[in-house]
Amino acid sequence: MSERIKKAKRRYTIEMFAAMMLYLVVLFVALTVAKSVEPGLLLVVLALAPLVPLIIAGFSFFRFYRHMDEMQKRVTADAAALTLVIGFLAATMLGFLKRFGVLDLEDDIMLFGPFLIIVWGLVRFMIGGRDC
Numbered sequence: 000m001s002e003r004i005k006k007a008k009r010r011y012t013i014e015m016f017a018a019m020m021l022y023l024v025v026l027f028v029a030l031t032v033a034k035s036v037e038p039g040l041l042l043v044v045l046a047l048a049p050l051v052p053l054i055i056a057g058f059s060f061f062r063f064y065r066h067m068d069e070m071q072k073r074v075t076a077d078a079a080a081l082t083l084v085i086g087f088l089a090a091t092m093l094g095f096l097k098r099f100g101v102l103d104l105e106d107d108i109m110l111f112g113p114f115l116i117i118v119w120g121l122v123r124f125m126i127g128g129r130d131c
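At position 16 of the sequence shown (counting the first as 1) the number is 15 in the working numbering, and the numbers step up by one without a gap.
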């Protein structure tokens, strides 16, 4: 791995860690404050506030992606494609289970995004090893 890519990876790790810590804080505050807020615009803002750190994390990832070499980009793209298939199948399966009354998924759907990120990370590791 070149020094340029190592530097970009270090920056990405720091930015991603900071964004995820900010996400946890914003989520905790939003959930706490939302308990005492009447339905309306403020509740909508609180519900969407955790998206801001996730958007920051997304920009951080794409900045890192631009610094990857061709092999890393290929592994990342292949992992994203496979994760899309896995995510589609998982969402369809959960939809069927809910429709047939097997599962009640009212609040659990917000965990699907983190599930996809974990799957993508695992698939990326399996395809490219720890250097990718």
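All residues carry an ideal CB built from backbone N, CA and C; glycine is no exception.
Among the options, the one whose alpha carbon lies nearest that of residue i
i	options	result
F61	Y11, G128, I4	Y11
G120	L81, M70, F58	L81
R3	V84, A33, R65, L93	R65
R73	A17, M0, I13, I126	I126
I85	I117, L26, F58, L40	I117
G112	S35, I54, S1, E69	I54
L26	L42, D68, G100	L42
A90	T75, A17, I108	I108
Residue i, DSSP secondary structure in three states
i	result
L41	helix
V122	helix
V36	coil
D77	helix
P49	coil
E2	helix
R9	helix
G100	coil
R65	helix
E14	helix
G57	helix
G112	helix
G128	coil
Residue j beta carbon less than 8 Å from that of residue i
i	j	result
A29	P52	no
R129	A78	no
A56	M20	no
K8	F63	yes
L102	L96	yes
L45	V32	yes
Residue i beta carbon near the ligand ZN (any heavy atom closer than 7 Å)
i	result
I116	Absence of the ligand ZN is noted for the structure shown, with no ligands found whatsoever.
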